[in-house]
Amino acid sequence: MKLAHRHTLQAWLFLAPALLLLAAFSFWPVGYGSVLAFTDYSLIRETRFVGLDNFRYIFNNEMFVSGLKNSLMFLLMVPFVQVGAITLAVLVNNRLPGIRLFRAAFYVPVVTTVSVVGIMWGFMFHEQGALNYVMMTLRLVNAPVGWLSNDSLALFAVMFVTLWRGLGWYMVMYLAALQSIPSDMQEAAMLDGASRWQRFWKITVPMLRPTIMLCSILSVLAALKAYQEVDVLTQGGPMNSTFTALYYAYDQGLKHLKLPRALAASFIVSLFCIGIALLCLRYLKPKHR
Amino acid sequence: MKTRSRPLKTRLQILGHYAVLCAIAVVCVFPFWWTLVTAISTEGNIFAFPPTFWPKAPSLENFVEVFNAIPIWSFFKNSVLIAVLTVFWKLLLCSLAAYPLARLKFRGRKLVFGLILATLVLPSEVNFLVNFITITQMSLVDTYTGVILPNVVTAVAILLLKQAFEEVPQDLIDAARVDGASEWVIFSRIMLPLITPWLATVGILTAVESWNEYIWPSIVMSKPDEFPLSVGVLYLRGTFGSSTRVIAAGTLITIVPTLLAFLFTQRFFMRGMDGAVK
């Protein structure tokens, strides 16, 4: 026993700085934030416990409620991102000349700053921007559309940009998974006369299952927590149509300095996230041991 | 008949394959191209109908304008400084933490590992509100330490480096221990040099991440001179609301370093992800 643990002190010394920072900037904010959500914390007064007041306030606040709805709307994106990413991964998992160039092209949006993404798509979505031109040339629309200024379209425009930015990231995850599928399985199926389509559904998809589950959870969580794209594209407008729950938190907490309300809002988002994570973990566990 | 049509069929399939790939690639890359065209053109209305997809009277005038209009050079230096410091501290602290997790037996190992894994599940986007209070109380507002500190230790980096340490043969460590080397010497003289490729991977991923970080630095830093590029470029939109070409040029200056880093280290990016999945 003693021998097995002879490194205890040294190990903790090695770990100490990292654990200290994790405690301060990951665990503390979650714990302390959850407590502050039930108080009237502000920098100038003594803090009092106010029970569910902040939660009552935000749930009676139209901005937060519609923000929460918009956050849930973002979930619509999840199947598109996942199906899109799998398709892309399958397409680039070929030994064709120039395939690495395509992989790079699909990944470039991932490594671009969100503020730059906001500016670029601001140009694209402009009433006289490239997107409207293309759509009018293809006769998909008759007159220029105000993608970011129309309150029934803006949310979808923001969602599209999030999709554009996320696709390449999930593609790489699926690509890694695809490349770990042993090729002899595919070859055996091919010899048995299975078609491309059959091989895809009977071999590839089942083998990808764990990755599909993992990526779906990650993208559900990302969808619920969407706010960066909102900040750089619309700042919640027009007419609050692109407010998301976490953007509400960001806006209330750091722009209006209503920290407890902001924390209550992010507490609700966290509850959703933790709930989903737990639910998925139950189904993710391998069935056979 | 069948054997003769096969090559044609495969060839058509490949052609179709490329067609789909090109269509998606256009959607991915077009905004960049459009920004480039806007930035290097000096003539014609930006939002003319029909738009020009090719630069008109190309010149670097707009880029010069960016340098005259905002302190983009100091934004650039700020970004480099933040990235270098983040990479340095992350590699140091995360490899220190990963080593015992990979190679030492100690009390509480499972607990620590569990705690680190837990941070992957915790919704970190929510942290910035309380982290802002913490940074304020530590008087680190408007300092780069404040920008860097919360990003220095991440579970993903620890996990990747732990995996790297696990791949080093046990014999090497045993031999060093027999020779009386301390754990610190084993770590710094033997282990770290052996995992250099992994350190490079984590370093590159971190550098790009840090370069692109936008929300947190914009919360911590309030003096425009001290903004990193990712935050400063939005400042252009405020001062140059009408001059789209200058904004486009500024945007390009911001992304060029990331694009170059990405293109030259593409393999690391894909492999880094690979490691994270498994």
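For the protein sequence lines, the chains are G and C, in the order given.
Just so we're aligned: 51 in the working numbering is position 51 of the first sequence, and the numbers increase by one with no gaps anywhere.
So the number in the working numbering is just where the residue sits in the second sequence, counting from 1, plus 1000.
Think of the CB as a built atom: it goes at the ideal place given N, C-alpha and C, for glycine as much as any other residue.
The structure presented is a predicted model; accordingly, all values stated were derived computationally and were not measured.
Neighbour flag for residue i against chain C, beta carbons, 9 Å
i      : result
G/M124 : yes
G/T12  : The question names Thr, but residue 12 of chain G is Trp in the sequence shown. Judged by the 9 Å Cβ criterion, G/W12 is in contact with chain C.
G/T234 : no
G/R95  : no
G/S26  : yes
G/A277 : yes
G/A262 : yes
G/G33  : yes
G/D231 : yes
G/Q228 : yes
G/L68  : no
G/W164 : yes
G/V172 : yes
G/L72  : no
G/V220 : no
G/V30  : yes
G/L43  : yes
Residue i: contacting residues in chain C (beta-carbon distance under 8 Å)
i      : result
G/V116 : S1230, V1233, T1251, T1254 and I1255
G/L259 : L1129 and I1133
Chain-ordered chain C contacts of residue i [CB-CB under 7 Å]
i      : result
G/V269 : P1123 and V1126
G/S266 : V1126 and L1129
G/C308 : The structure shown does not extend to residue 308 of chain G, since chain G is modelled only from 1 to 289, so the question has no answer here.
G/P182 : Per Cβ cutoff of 7 Å: no residues; G/P182 is ~15 Å from chain C at best.
G/V50  : Under the 7 Å cutoff, chain C gives no residues; its nearest Cβ is about 17 Å from G/V50.
Residue i at chain G interface by Cβ criterion, 9 Å
i       : result
C/I1082 : no
C/I1195 : no
C/T1136 : yes
C/T1206 : no
C/W1198 : no
C/R1109 : yes
C/M1001 : Note on C/M1001: pLDDT 42, under 50, position unreliable in the model; the coordinate value appears next. So, not an interface residue.
C/E1226 : no
C/A1248 : yes
C/F1063 : no
C/L1008 : no
C/F1165 : no
C/F1269 : yes
C/R1011 : no
Within chain G, the residues that residue i reaches when beta carbons sit closer than 8 Å
i       : result
C/T1244 : F123
C/F1262 : A104, Y107, V108 and V111
C/V1112 : L15 and L19
C/P1058 : By Cβ distance, chain G contributes nothing, its closest Cβ being about 18 Å from C/P1058, past 8 Å.
C/I1158 : A18
C/L1140 : By Cβ distance, chain G contributes nothing, its closest Cβ being about 11 Å from C/L1140, past 8 Å.
C/I1219 : L254
Integer Cβ distance of residue i from residue j, believed to fall under 8 Å
i       : j       : result
C/S1222 : C/D1142 : 6 Å
C/V1147 : C/P1217 : 5 Å
G/A245  : G/I217  : About 18 Å; that fails the 8 Å criterion.
C/C1028 : G/F80   : 15 Å between Cβ atoms; not a contact.
G/Q10   : C/L1104 : 7 Å
G/L233  : G/G67   : With a Cβ gap of about 15 Å, G/L233 and G/G67 do not count as contacting.
G/N178  : G/A89   : Note that residue 178 of chain G is Leu in the sequence shown, not Asn. That belief holds up - the Cβ atoms of G/L178 and G/A89 are roughly 6 Å apart, short of 8 Å.
C/T1258 : C/N1212 : 7 Å
C/V1084 : G/L21   : Actually they do not touch by this definition, with Cβ atoms about 18 Å apart.
Residues sharing a beta bridge with residue i, DSSP
i      : result
G/F102 : DSSP output for G/F102 lists no bridge partner at all.
G/F49  : G/T39
beta-carbon residue i near the ligand ATP non-hydrogen atom, thresh 8 Å
i       : result
C/L1092 : Questions concerning the ligand ATP fall outside what the structure shown contains, since it holds no ligand whatsoever.
Chain-ordered neighbours of residue i on chain C, where CB pairs are closer than 9 Å
i      : result
G/G253 : F1128, L1129 and F1132
G/V78  : Ordered by position in chain C, no residue passes the 9 Å Cβ test against G/V78, which lies about 17 Å from the chain.
Per-residue contacts from residue i into chain G (C-beta, under 9 Å)
i       : result
C/I1116 : A18, L19 and L22
C/I1024 : G84, T87, L88, L91, F102, A105, F106 and L167
C/Q1266 : R100, R103, A104 and Y107
C/N1212 : V111, T112, T113, V114, S115 and V116
C/W1034 : M120, F123, M124, G129 and A130
Proximal residues of chain G, C-beta to C-beta of residue i below 7 Å
i       : result
C/R1237 : I119
C/P1150 : F25
C/V1020 : L91
C/V1153 : A18, L21 and L22
Neighbouring residues, chain D, relative to residue i (Cβ below 7 Å)
i       : result
C/P1031 : The chain labelled as chain D is not found among the protein chains of the depicted structure, namely G and C.
Checklist line | Against chain G: residues of the stretch 1176–1193 of chain C by CB proximity under 9 Å | finding: S1182, E1183, W1184 and F1187
Check: When you check each C-beta in the stretch 130–158 of chain G against every C-beta of chain C, which residues fall closer than 7 Å?
Finding: A130 and Y133
Notebook entry, point to check: Got a sec: which bits of the stretch 239–250 of chain G sit with their beta carbon under 8 Å from any beta carbon on chain C, in order along the chain?
Noted result: L246, A249 and Y250
Checklist line | Residues of the stretch 1076–1100 of chain C whose Cβ lies closer than 7 Å to any Cβ of chain G, in chain order | finding: L1093, C1094, L1096, A1097, Y1099 and P1100
Next item on the list: May I ask you to list, following chain order, the residues of the stretch 197–218 of chain G that have a beta carbon less than 8 Å from some beta carbon of chain C?
Entry: T211 and L214
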